[in-house]
């Protein structure tokens, strides 16, 4: 176990540093972060779409495979040509999803209150989801910045946790090595 810990310490620290850097960049430049993610999506959609098209032409597969491939290629092109529209569409879809999910949670909470005395948390979560969704729908750019900010904070905290773990593992393996 100690050998494994010693071998993974460097990777933990490298991952932590990269996560902290990504988190800081996402917090400093949230719009650039979102556009960078849009470009990564375009690359993925293009590779996936071309792969599906090749499979559709080479093998006996469902016509839906070829259609999915064509849609992937088109999405990749649209994302590269109009990244702002893609990012805005994503924010609008996220906002709509939050509203629909929130309404569902409120309905479920009303039904649950008959079975669970004093249950308000699901209804509260649903209400917050509806409010957040409406804010995103009314101000989608703010929603995009919010998503990038949450991603940045997560990456920063995740990176710090990995760095602390890497430090502790390094310290443990160093002291165990001295004890042997």
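In this note's numbering, the protein residues as written are 86 to 265. Backbone N, C-alpha and C define an ideal beta-carbon position, used for all residues, glycine too.
Can you give the Cα-Cα distance for residue i and residue j, rounded to whole angstroms?
i: residue 127; j: residue 167; result: 11 Å
i: residue 268; j: residue 130; result: Residue 268 lies beyond the range of the chain shown here (86 to 265); nothing can be said about it.
i: residue 155; j: residue 161; result: 10 Å
i: residue 109; j: residue 181; result: 29 Å
i: residue 258; j: residue 246; result: 18 Å
i: residue 224; j: residue 230; result: 10 Å
i: residue 72; j: residue 150; result: Any question about residue 72 goes unanswered here, given that the chain covers just 86 to 265.
i: residue 235; j: residue 226; result: 14 Å
i: residue 206; j: residue 183; result: 16 Å
i: residue 238; j: residue 186; result: 24 Å
i: residue 255; j: residue 204; result: 46 Å
i: residue 125; j: residue 107; result: 15 Å
i: residue 45; j: residue 244; result: Past the boundaries of the shown model lies residue 45; the chain is included only from 86 to 265, so the question cannot be answered.
Let me make sure I understand the geometry here. Which of the options has the alpha-carbon closest to that of residue i?
i: residue 189; options: 147, 208, 171; result: 208
i: residue 169; options: 240, 145, 120, 114; result: 120
i: residue 132; options: 115, 226, 157; result: 157
i: residue 228; options: 171, 105, 177; result: 177
i: residue 112; options: 242, 197, 256; result: 242
i: residue 212; options: 200, 202, 195, 201; result: 195
i: residue 134; options: 159, 197, 173; result: 159
i: residue 191; options: 210, 175, 232, 136; result: 210
Tell me where the alpha helix (DSSP H) around residue i begins and ends.
i: residue 214; result: 206-223
i: residue 124; result: 115-143
i: residue 182; result: 168-197
Say yes only if the C-beta of residue i is nearer than 7 Å to one or more non-hydrogen atoms of the ligand PLP, and no if none qualify.
i: residue 238; result: As for the ligand PLP, it is missing from this structure, which has no ligand bound.
*Do the region 243-256 and the region 212-220 meet, that is, are 3 or more Cβ pairs less than 8 Å apart?*
no
*Using 8 Å as the threshold, is the region 89-103 in touch with the region 139-147, meaning 3 or more CB pairs across them?*
no
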